[in-house]
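Q:
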Amino acid sequence: MSMNSQIKTNVNALAQQQESKEQARARRTENVNTVISVILGLVCLVYIYPIFMIVVNSLKVESAISTSTAFNLPTAATFAGITNYIYGITQMDFLKSFLYSLFITVSSVVLIILCCSMCAWYITRVNSPLAKAMYYLCVFSMVVPFQMVMFTLAKTADTLKLNTPFNICIIYLGFGAGLAVFMFTGFMKSMPIEIEEAAMIDGYNPLQMFFKVIMPITKPTTISTAILETMWVWNDYLLPTLVLDIKKYRTIPMDIQYFRGSYGSVQMAPMMACIVITIIPVILLYLFCQKYIIEGVVAGAVKG
Amino acid sequence: MEKSIRKYWPVFVLPTLVAFTIGFLWPFVWGIYLSFCKFQTVNKVSFIGISNYLRVFSDDTFIHAFGFTALFTVVSTLSINIIAFFIAMLLTRGIKGTNIFRTVFFMPNLIGGIVLGYIWQILLDCLLSRWGKPLLALDARSGFLGLLILMSWQQVGYMMIIYIAGLQNVSPDLIEAAEIDGATPWQILTKIKIPMVMPSITICSFLTLTNSFKLFDQNLSLTGGEPAKASQMLALNIYETYYARSGAQWKGIGQAKAVVFFLLVVVISLIQLHATRSKEVQA
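These protein sequence lines map, in sequence, to chains A and B. If you count the first sequence from 1, position 235 lands on 235 in my numbering, and the numbers rise without skipping. For my numbering, add 1000 to where a residue sits in the second sequence, where the first one is 1.
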């Protein structure tokens, strides 16, 4: 055997060894990953158990729900079908609360997106004391806890008759402007001004330009902001409680707290049914728009 | 171009400015003024100087709520961020089912605080009674743990998303280079990954810190401050001072508490941002 081929075989053997080492390593990582998958799968089951428990209990009769039996699955004797749902919807005026919540959320988010994106564009493109002051005030307002303004805000809303579900969106615009303006200006600062200048030469006035040029460009930020604001308004409890007349108008969180607080013995079963009705649309929406929601959270974090 | 946009300010800025004045600016300024006054309704206000503030610091329930809130904020910020970071590490390994896990872990964020508190109250009371322990409303220690579990359950998913985005931005070349140099997985974690995701850590600890410190809904619905205000946090304490106590002096004291609370939030946010920002590195 010549020297050359000797070296070649050695190199080949080494390469083979290396390869089998790498294969072993890859196999090991794969095994570890499978173990992690299984463990995380189990953790996930525990994680969604609270929601599962509520769904199960909403299908049981009232007497079968207590601190000792809430974990039990319904049996033939304790299965209540959808009676709890019917009771919850009819007796607790739940459908009305649902519609109020929906209307308040949609109107507020639409108003916030429209007004704040316009305001943010002005702040980005105009260099004036008004624009600067607006920007810093918005950033400042994000730090202020709601308790700081709750009493005076409720009084102001009362005085101006902004205390119905139909115009509470103006209050939400005021208190929610901070985050929205901040997110929009963050994005608009990185927009090239050349597009707008070209549109200007084409004879667009600022309003046309905003709706035909700016709005389409800012679509990703619009979606992110809309999602963050929706999560806030839909779940908000204290602001509507203090601003709205609780006897006339109740949003979902208000309804749930109201029926728990005011009744001596809480009717657990219909309450659980109402909670399920509250959660289901949110989860469905989440499953369909998951991509946007997660992008929205990340975008909000990067800007924040 | 700037000039022509400027002319349109009534369209672009005015609606937001008016709403912002109604919904934030005016209530804020008015709130600061009222913290120096004695009042029950807004029509009968008398200026009394700083005596509200003196009463705030001699109010035992406020001091207790501050201690409870501070402890809760520290513990929950640590637990949420550590768990979220750990899960994010596992979910960036490219394992099977990553998307499903991410979906499940994020889900609790979409449910409001009032509803969450109610769900967990039923669940935890059930567990506690099985183990023969006092219920949530009877023991402040289980109330504390309950709030901790509830907040971790809710917030881990949100922070995990931010950490995943941060970890995905760490360049694989950097890690490969370190591996060739013989770095152990622990060294890669502490010397490369954690410094590189420091911006995410800044954001997440800021969010968890302020969320925990300002916590209201979950506190109200899970324990309601029971037993005897022992599990009451600052936000709930302010709310109760305002709306649940009779006596002409309490509204003014409540407003003064709110101003103190606001200043605390500002100070904590500034310190925290400064502390973690200074540890950020450039790639």
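Ideal placement from N, C-alpha and C gives every residue a C-beta, glycine not left out.
Report the residue ranges of all beta strand (DSSP E) runs contained in full by the region 1192-1254 of chain B; include only those spanning at least 3 residues, in chain order.
A: Taking only runs of at least 3 residues, no beta strand (DSSP E) segment lies wholly in the region 1192-1254 of chain B.
Q: Would you kindly check if the distance between the Cβ of B:F1024 and the Cβ of A:L111 is under 9 Å?
A: Contact flag unset, no.
Q: Thinking B:G1224 and B:L1034 are a contact (beta carbons under 8 Å), I'd like their distance in whole angstroms, please.
A: Their Cβ separation, rounded to whole angstroms, is 27 Å, which puts B:G1224 and B:L1034 out of contact at 8 Å.
Q: Any Cβ of chain A within less than 9 Å of the Cβ of B:P1027?
A: Closer than 9 Å to some Cβ of chain A, the Cβ of B:P1027 qualifies, so yes.
Q: B:Y1008 versus chain A: which residues are under 7 Å apart at the beta carbon?
A: Residues of chain A passing the Cβ test: P206, L207.
Q: Return the CA-CA distance between A:R25 and B:E1179, expressed in angstroms with no decimal places.
A: Answer to the nearest angstrom: the Cα atoms are 14 Å apart.
Q: Could you compute how far the alpha carbon of A:M268 sits from the alpha carbon of B:I1122?
A: Whole-angstrom Cα-Cα distance: 10 Å.
Q: Is the beta carbon of A:G178 closer than 9 Å to that of A:I227?
A: Not in contact: A:I227 and A:G178 (Cβ atoms no closer than 9 Å).
Q: Report yes if the C-beta distance between B:K1229 and B:A1070 is below 9 Å; otherwise report no.
A: Result no, Cβ atoms of B:K1229 and B:A1070 do not sit closer than 9 Å.
Q: Between the Cα of B:I1087 and those of B:A1165, B:V1045, B:R1130, B:C1037, spot the shortest distance and give me the residue it belongs to.
A: Checked all of B:A1165, B:V1045, B:R1130, B:C1037; the closest Cα to B:I1087 is B:A1165.
Q: Can you check which of these residues, A:L239, A:M142, A:M148, A:P220, is closest to A:D158 by C-alpha distance?
A: Here the closest residue by C-alpha is A:L239.
Q: Under three-state DSSP, which class holds A:G304?
A: In this predicted model, A:G304 has a pLDDT of only 48, less than 50, meaning its place in the structure is not dependable enough to derive any value.
Q: Taking DSSP as the reference, what is the three-state secondary structure of A:K291?
A: In the structure shown, A:K291 sits in a helix (DSSP, three-state: H, G or I).
Q: Please report how far the alpha carbon of B:G1117 lies from the alpha carbon of B:D1181, in whole angstroms.
A: For B:G1117 and B:D1181, the distance between alpha carbons rounds to 50 Å.
Q: Is the separation between the beta-carbon of B:T1092 and that of B:Q1187 shorter than 9 Å?
A: The answer is no: Cβ separation not under 9 Å.
Q: Tell me the DSSP secondary structure of A:V149 in three-state form.
A: Three-state result, A:V149: coil.
Q: With burial defined as no fewer than 16 other Cβ atoms inside 10 Å of the residue's Cβ, what is the status of A:V38: buried or exposed?
A: The residue is exposed, with fewer than 16 neighbouring Cβ atoms inside 10 Å.
Q: From the DSSP output, which residues share a beta bridge with B:V1045?
A: B:F1039.
Q: Closest Cβ-Cβ distance between B:C1204 and chain A: below 9 Å?
A: Chain A, which has a Cβ nearer than 9 Å to the Cβ of B:C1204, makes this yes.
Q: By the 7 Å beta-carbon criterion, what residues does the region 140-152 of chain A contribute toward chain B?
A: From the region 140-152 of chain A, only S141, V143, V144, P145, Q147, M148, V149, F151, T152 have a Cβ closer than 7 Å to chain B.
Q: Taking C-alpha atoms, which residue in A:P129, A:K96, A:I168, A:V55 lies nearest to A:A80?
A: The candidate whose alpha carbon is nearest that of A:A80 is A:V55.
Q: Can you give me the Cβ contacts of A:A131 inside the same chain, cut-off strictly under 7 Å, excluding the 5 residues immediately before and after it?
A: The residues are Y122, I123.
Q: Listing by chain order, which chain A residues have their CB less than 7 Å from the CB of B:W1030?
A: The answer, in chain order, is T152.
Q: With distance defined between alpha-carbon atoms, name the residue in B:R1277, B:I1032, B:P1227, B:L1215 nearest to B:L1236.
A: For B:L1236, the nearest C-alpha among the options comes from B:L1215.
Q: In three-state terms, what does DSSP make of A:F166?
A: Residue state, collapsed to three classes: coil.
Q: With a cut-off of 9 Å, does the C-beta of A:Q257 fall near any C-beta of chain E?
A: Protein chains in the displayed structure are A and B, and chain E is not among them.
Q: Would you list the one or two residues that DSSP bridges to A:K212?
A: Answer is none; A:K212 lacks a bridge partner.
Q: Could you round the C-beta distance between A:I104 and A:I168 to whole angstroms and report it? I think they count as a contact, below 8 Å.
A: With a Cβ gap of about 6 Å, A:I104 and A:I168 count as contacting.
Q: For A:K8, write down the residues that DSSP places opposite it in a beta bridge.
A: In DSSP, A:K8 forms no bridge with anything.
Q: Under a CB-based cut-off of 9 Å, is A:G304 close to chain B?
A: For A:G304, the predicted model reports a pLDDT of 48, less than 50, meaning its position is unreliable; a value from the coordinates is still stated below. Closer than 9 Å: yes.
Q: Touch check for the region 92-107 of chain A and the region 248-255 of chain A: three-plus C-beta pairs under 8 Å?
A: Yes, the region 92-107 of chain A touches the region 248-255 of chain A.
Q: Closest by CA to B:L1209, which one among B:I1022, B:F1072, B:F1062?
A: When each option's Cα is compared against that of B:L1209, the closest is B:F1072.
Q: Can B:I1111 and A:V43 be called in contact, C-beta distance under 9 Å?
A: No, Cβ-Cβ distance for B:I1111 and A:V43 is not below 9 Å.
Q: Measuring CB to CB, does B:I1161 end up less than 9 Å from A:V46?
A: Not in contact: B:I1161 and A:V46 (Cβ atoms no closer than 9 Å).
Q: Pull up the distance between the alpha-carbon of B:A1283 and that of B:Q1272, whole angstroms please.
A: Caution applies to B:A1283, whose pLDDT of 46 falls short of 50 and renders its modelled position unreliable; the value that the coordinates give is listed next. Their Cα atoms are separated by approximately 22 Å.
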